[in-house]
Amino acid sequence: MTPPASGTRHVVAVLLAAAAGGYWLASGYYGKELLAETAITAILAMSLSLLVGQAGLVSLGHAAFFGIGAYALAGFGARLGWPPALAMAAAVATGAVAALLVGLVAVRLAGVFFIMITLAAGEMAHAWFLKDRLFGGVGGMAGVPRLDLSAIGIDTGDPASFALLALGVAILVYLLLDRLVLSPFGQTLRAIHQNEERARALGCPVGRYKLAAFVVAGAVAALAGTLAAQRSAFVSPELLTWTLSGEVLIVVIVGGGASLLGVSAAAALWIGLRHQLSTLTDHWMLAMGAIFVVLVLVAGDGIDGAVRGLWRRLAQRRGP
Amino acid sequence: MIPAAMPPALAADGLRKSFGALEATRGVSLSLPPGRRHAIIGPNGAGKTTLFNLLAGALRPDAGRVRLGSADVTADGPDARARRGLARSFQRNSLFPGMTVEAALMTAAAIAGGLGAVFWRRFDRDRGLADGAAEIAARVGLADRLAVPVANLAYGAQRQLEIGLALATRPAVLLLDEPTAGMSPEETRAMQRLLAGLPRTITILVIEHDMDVVFDLAERVTVLDYGQVLLEGTPDEVRASDLVRRRYLGDRTG
Amino acid sequence: MKTLHLAAAAVLASALAAGGALAQAPVKIGLVLPYSAGPFVAIANEITDSMALALEETGYMVAGRKIELVREDTTHKPDVAQAKAKKLVFEDKVDMLVGPVASAELTALFDFAHQSKVPLLIPNAGDNEVTGEKCSPWVLRTSFSNDQIVRDMGTWMAGKGYKKVALLAFDYKAGHQLMGGFKKPFVAAGGTIVTEQYPPFGRLSDFGPWLGRIRDAKPDAIFSFFAGPPATLLVQQFKEFGLDREMKLTGAGWLVSPLNLPSQGQAAAGVIGVLNYVPAIDNPVNKSYQERFQAKFKRVGSEFGAQGYDTAKLIHAALAQAGGKTDDKAALVKAMHAVRIEGTRGPLRIDPRTNNVVQDIYVFETEMQGSAVGYKVLDRIRDVQDPPNGCTLGG
Amino acid sequence: MVIQLLNGMQLAMLLFLLSVGLSVVFGLMRFVNLAHGTLFMLGAFVGLSTVEATGSFWWALVAGTLASAIVGGLLYLGLLRRLQAESPLKQVLVTFGLIFIGLEAARIIWGDYAERLPGPALLAGSTALFGVVYPTYRLFVIGLGLAVAAMLYFGLERTRVGAIIRAGVDDRTMTAALGIDIGRVFFVVFVLGCALAGLAGVVAGPVLSVYAGMDMGVLVLSLVVVVIGGPGSLKGAFVGAILVGMVETFGQVWLPEVAGMLLYGLMAAVLALRPQGLLPAGPRP
């Protein structure tokens, strides 16, 4: 639960970024798509990691904010015709507001009940977009604009550039959330997670902190959603299904929950594995399900913990 | 015009609390001037823990008021009372098991200092918090164990940290819930020394079973029985009281 | 796109250099269908299997080139569908795309096909706009438009004495398009819509509540649009609630699709449907298709399979017309416009004004044939062609 | 109106059969089993195969119920028992993974096509009741649900095992301290809950169609039932199921614009205002 020593953390971050960069250079067209999807999933997983890993709030409705961000971008950018950058900012703000509204009710509950109310909230949002007419209901809506970076010579319409953009945003989100996690705010969230009663007795308005974490996580999830909408220029209610929330939760747990880099690596693992398995068999979900059941059961601390455990063992072997 | 007297650091007035048909607290009043060491004793089931929770804010009274200094905190929760300078320890250790001693003390100070809203600075590089943690650790006898994970501390040391977390908030009023519970005689003596050494700027109210600790520390003692104040007085008065001897002390000391 | 042309030119150049002795690169057809997840897996497989049946007849050859089907799984997610389409075009260098099934996936694919100028053939999705106001020169439809299916049904039903009709469909775009397309001509032909019921889309559903409301409105018939499990539910509940004694159940023919009959049982008998295909169509192409399909898969081929079969037939004919050349995509589309084929559904062609298929539409009724439910064609409406509906391809 | 009430009741009884096991397991063990819907689907498919093999719906009822009980029991012994001491997070994730395994396994074994589980000939046709003509089979579903509810009520209130279960829901540690093998009670309850889910699957077969994925829709509905009624409470599951059945039935007709959100809104409202549910099990501090 204590944040990792800073030195190793930076090394791992650079290694991960280098791996992504190497893949970007080596991959073909579809690889760029997968890379962008991985970056987006990593952002979503990092946002949920703040909730689950730091504050101990297990949300099963996180995809709702992802979807709301995507739909808000479609609304502001395509329907209202705002410039994409402004529309993106407004979409992130919309995600934050939505998270605030849900959070006001949800943070008063704990454990399984928190899981259930976030599930209910997510399903409500999903039902709303299934029904709505402005964004095409079940069929979704195309024509979501991409960020215009031509001023600095980047054509985001090009998939290779867009993959880089998504990676860049993921790195920015990492730096931001890393800062947050290591700050007194992050420490307070961990304190609440470890012992809520004590945190309260020390003077911590626990509900407000949980709410703040929920809003930040919602905003970052919405940011991921805006990228997802830009990637395919398209939004549909699929973005808000509760099974997506569950998948991201698995990614977070496999990644070690609290480790931003761990969950990012797990996002890459998730996307890569799904791609590899689905080229092998139409029943890839069976294999994915089995693999993740085993991972959740065995790797208690996720990738992060497994790597650290291995590191410790190696270090011991080298020792006297 | 008569100059207003200095308000008591902690006061309770006519506190009542029932759980269903059970009346746990039946009109208890207390008043602790600043700097006072005050103990609450009473047989099991006398309502000590309920009263403690009413004062700490973990429970809301059905009737009566709680004041901290000049502020009425009856409606406040435990966190709001803590922000007004009230700190408490727990009868069963309630720590941050995933942190080191230093991090736990820093965390307590950060929360109490309202630093929790700061998200742009590194927590672990805050010199002020670290220095404060070292000072508190020295005070509670954990100076040599700053880097030890809380979960790895021995029981007695965890009890000391329990007090340390409360002290880290720089409280004006400190509520201690059986600080020596489960300790060996040696550890108890260390705790006694620790408590005796606390500065007079802190007002202390303690619930305690160990009468040696009580009579050593307290300047005034409230004896609770069936949720009511049986007697309040100096330790000597309490020791001398036939009533108390019959109801309570007699059973123990013979 | 530049690199694509360069690559193609390089292939061409090397082929020429070898004096044609080298075998030519195969024609690649990319299939973007939901093979692994969601409610349309069966449809995806049937389309693919039937395309394979059609291509087997040609030995997977056209004008000296091999034909290759490249499958990509959309996992029933629109963004994946789009990414897989891009993969097929840019990495596998397919010459055309066939897909998808769900309307959300089509929305996600449409713009890509339009911008990348790669022919996309839609084997099953009916949104009017795709070959109407939103039409693209690169997106062709071999299946149907929603309007095309139902446009003449209103007149037909009014003519058969069903004067009072209740409409029943899910509350979403396709539901409203099909009901709207039916309603206008029906009212013009003197019919009355006595009630319109639109249950919310995508719920574990029970038609009881809506059937109750419809019964109160006392129509001569229900005209409905449902597919898959909800269609089965409706057919059963219509009987269970005894509505079959008071009115006729009719609808877009997916209601009693061969895919649904096993789960509908005898309750499916006596339903009137209108569709671009029904297994009972009496023509040699369909007979041979059904024979081969049933021999191989031990069940009746459905409209989805038939559409897949016809799509492959049309592609093959167009490729033959183009002499097997696929580099010039515009010429390829032109060839698709030019060919006329005899499909399982009768004569077929692609309308260059809209890129929608021109086909016969069948009115049929289900009936007990021995111990099982079968189909009887009641009427055949020939050469049903969509008006441009805002599409400007025709100039 | 009468028809709508019967429709709502029919759906309610299906949901009750499905949810009661989930609810008691939730209340007794604080265990959320997302794979509960998968056992419902398993019951339906095994029932389908049994009907195809024997031609008898009644054998299907037995076989589907048994199959879900056995698979549920094996899952518990092999996998879920280990999770009991773990956080709700792990339970949710492991059982979430099981959903996909179950879904794909069903597709591999039974294929991608929706099929119908024919109801018994005895219950075919319609019956006149309260002035309306109503499908006989659906009346059977309602009757079965009520009968099971009554049996469970009797079992919980009047038998020793029932008393232990109630005590376990109220205070798990205390019950264990009384020297009762709470693990065995959990196991029995879990398997019984799975059996009822399988029963619900077979019973739902003739009303809904049987297909891989039929579990997804009902799972969330049954979670709504559990939360609304109050976890661990038989009466809660019963009342919750009726509420959900009626809201589904009437809401979609009267308030079609918001029907999709209605149930989740109800669930969120109950959680926010009365997290212990409408009819919580036993006294809780």
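Protein chains in written order, with numbering that gives the first Met the number 0: chain A, 0 to 319; chain B, 0 to 253; chain C, 0 to 394; chain D, 0 to 284.
Built from N, CA and C at the ideal position, the CB exists for glycine as well.
The CB of C:S262 comes closer than 9 angstroms to the CB of Y112, A113, E114, R115, L116, S208, V209, Y210 in chain D, given here in chain order.
By the Cβ test, the region 162 to 173 of chain C is in contact with the region 187 to 200 of chain C, since at least three Cβ pairs between them sit closer than 8 angstroms. Runs of the alpha helix (DSSP H) lying entirely within the region 219 to 243 of chain B, each at least 4 residues long, are 234 to 239 in chain order.
Within the same chain, and ignoring the five residues on either side of A:A71 in sequence, the residues whose Cβ sits closer than 6 angstroms to its Cβ are A90, T93. Taking all protein chains shown into account, C:D72 has 16 or more neighbouring C-beta atoms within 10 Å of its C-beta and is therefore buried. For the region 0 to 32 of chain D, residues whose beta-carbon sits nearer than 7 angstroms to a beta-carbon of chain A comprise R29, V31.
Beyond the five residues adjoining it in sequence on each side, C:P218 comes within less than 6 angstroms, by CB distance, of K163, V164, A165, V193, M246 in the same chain, given in chain order. Under the three-state reduction of DSSP output, A:S46 falls in the helix class. Of the candidates B:L216, B:P96, B:R15, B:L216 places its Cα closest to the Cα of B:G34. Taking a contact as a CB-CB distance under 8 angstroms, the pair C:Q81 and C:L108 counts as one, their CB atoms being some 6 angstroms apart. By the Cβ criterion, the region 201 to 219 of chain A is in contact with the region 99 to 106 of chain A, since at least three pairs of Cβ atoms, one from each stretch, lie closer than 8 angstroms. Taken through DSSP and simplified to helix, strand or coil, D:M0 comes out as coil. Think of a sphere of 9 angstroms around the beta carbon of A:Y70: no beta carbon from chain C falls inside it, the nearest being about 13 angstroms out. In terms of CA proximity to C:R348, C:L139 leads the group C:D78, C:H75, C:E128, C:L139.
In the structure shown, D:N32 adopts coil according to DSSP, grouped into three states. By the rule that beta-carbons nearer than 7 angstroms mark a contact, D:A271 touches chain A. Around the beta carbon of D:G54, fewer than 16 other beta carbons sit within 10 angstroms, so the residue counts as exposed.
Spanning the alpha carbons of B:R25 and B:A62 requires a straight line of approximately 9 angstroms. Residue contact check for A:Y208 against chain C: no CB pair falls below 7 angstroms.
Burial check for C:M178: the Cβ neighbour count within 10 Å reaches 16 or more, so the residue is buried.
Considering only B:L223, B:L197, B:T202, the residue with the shortest C-alpha distance to B:H208 is B:L223. One thing to note: C:L30 has its Cβ no nearer than 7 angstroms to the Cβ of C:R64. The beta carbon of C:V69 does not come within 7 angstroms of any beta carbon belonging to chain D, so the residue lies off that interface. Using a Cβ-Cβ cut-off of 7 angstroms, B:R169 is close to nothing in chain A; its nearest Cβ partner there is about 11 angstroms away. Apart from sequence neighbours up to five positions away, the residues of its chain that approach C:K295 with a beta-carbon distance below 8 angstroms are D48, L52, ordered along the chain. In the DSSP assignment, D:T126 falls within the beta strand (DSSP E) that extends over 125 to 128.
By the C-beta density criterion, B:Y154 is exposed, having fewer than 16 other C-beta atoms within 10 angstroms.
DSSP, read as helix, strand or coil, puts C:N355 in strand.
Taken in chain order, the complete alpha helix (DSSP H) segments of 4 or more residues contained in the region 141 to 179 of chain B are 154 to 166. For C:P199, the chain A residues whose Cβ falls inside 7 angstroms of its Cβ are K130, in order along the chain. Counting only runs of 3 or more residues that sit fully inside the region 235 to 291 of chain C, the beta strand (DSSP E) segments are 247 to 251, 271 to 274, in chain order. The DSSP-derived three-state label of C:Q23 is coil. Distance from the CA atom of B:V72 to the CA atom of B:I39, rounded to whole angstroms, is 21 angstroms. Contact of C:W209 with chain D by beta-carbon distance below 9 angstroms involves Q251, V252. Membership of D:F56 in the alpha helix (DSSP H) is indicated by the continuous run 56 to 74.
Scanning its chain for C-beta atoms nearer than 8 angstroms, with the 5 sequence neighbours on each side dropped, one finds around C:P387 the residues G131, R352, T353, G393, in chain order.
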